[in-house]
Amino acid sequence: MALFCAGDEIRVDQLGCNNARRILLHLDAAALARRSLLDDELVTVALHRSQEFYDPSLTAILRAMLNEIRQGCPNGTLFAESLSVGVALHLCRTRGVQAPPAAGERGKLSEWQWSRLTDMLASELASDLSLSVLSAGAGLSEPHFVRLFRNTTGMSPHQYVVQERVKRARQLIEASTVPLVEVAARVGFANQSHLTRVFRRTYGTTPNTVRRQLTRGKRMKP
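This note's numbering numbers the first residue of the sequence shown as 310 and each following residue consecutively.
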């Protein structure tokens, strides 16, 4: 893995690396800040350049980006924003010349903010939710919202939304005969295959298996 800044001139020995796969990522922190996805003070954090370093956490985020693109971006805007911000924050914290300012957010979402968000999710779970939509519902900036949301739930907004979608899908599967492709659309999954992947990861079985069990009079364990 290597990190360069705009205007850097580099020379790379390609000997023996012709078949190496590369992921080239252009990180525009200023653009993230303009969209209120990143605190302004983080835009000015200088990063340590390096022609070679090892970072398994960053590698995992980049691979998640690549897989999402290859699959046609089934997780939508919220996941894409989360990955982009995750790369920027991780680089600031691990490769910054100086430590970035501490976020210092120890509070949680208020009762009215949480109530507003749960109502929003109940009515808009099938839509392509974004950080801007969710944070506006809570009356907060995106960075502030993400920190308070994590303090409140212990997970990122994307993780929580996916959790709610798969829970709602399970309820529909158990309480109705709605076709699975329609179940996926009703709760915000890109397609039935996307629903199946998340459902299996969450419950250890597939929606089709649950349906077959229900026809034989069996119900899923909670």
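For glycine and all other residues, C-beta sits at the position ideal for the given N, C-alpha and C.
Residue 523 and residue 487 have their alpha carbons spaced roughly 13 Å apart. Counted as a single uninterrupted DSSP element, the stretch harbouring residue 364 is not any alpha helix (DSSP H), since DSSP gives it neither H nor E.
Note on geometry: alpha-carbon atoms of residue 511 and residue 468 lie some 12 Å from one another. Between residue 508 and residue 478 a beta carbon distance of about 7 Å is seen, short of the 8 Å cut, so the two are scored as contacting. The beta carbon of residue 489 lies closer than 6 Å to those of 501 and 516 in the same chain, with the five residues before and after it left out.
A contact is defined here as three or more CB-CB pairs under 8 Å, and the stretch 381-395 fails this definition with respect to the stretch 418-429. Cβ neighbours of residue 399 within its own chain (closer than 6 Å, five residues either side excluded): 367. Counting other Cβ atoms within 10 Å of its Cβ, residue 482 reaches 16 or more and is therefore classed as buried.
Looking at 402, 403 and 373, the one whose alpha-carbon comes closest to that of residue 389 is 373. Collapsing the DSSP output to three states places residue 385 in a helix.
Within its own chain, the residues whose Cβ lies closer than 6 Å to the Cβ of residue 440, once the five positions on either side in sequence are excluded, are 390 and 451, listed in chain order. The Cβ atoms of residue 356 and residue 405 lie closer than 8 Å to each other.
Taking each of 503, 498, 310 and 526 in turn and checking the Cα distance to residue 362, the smallest one comes out for 310.
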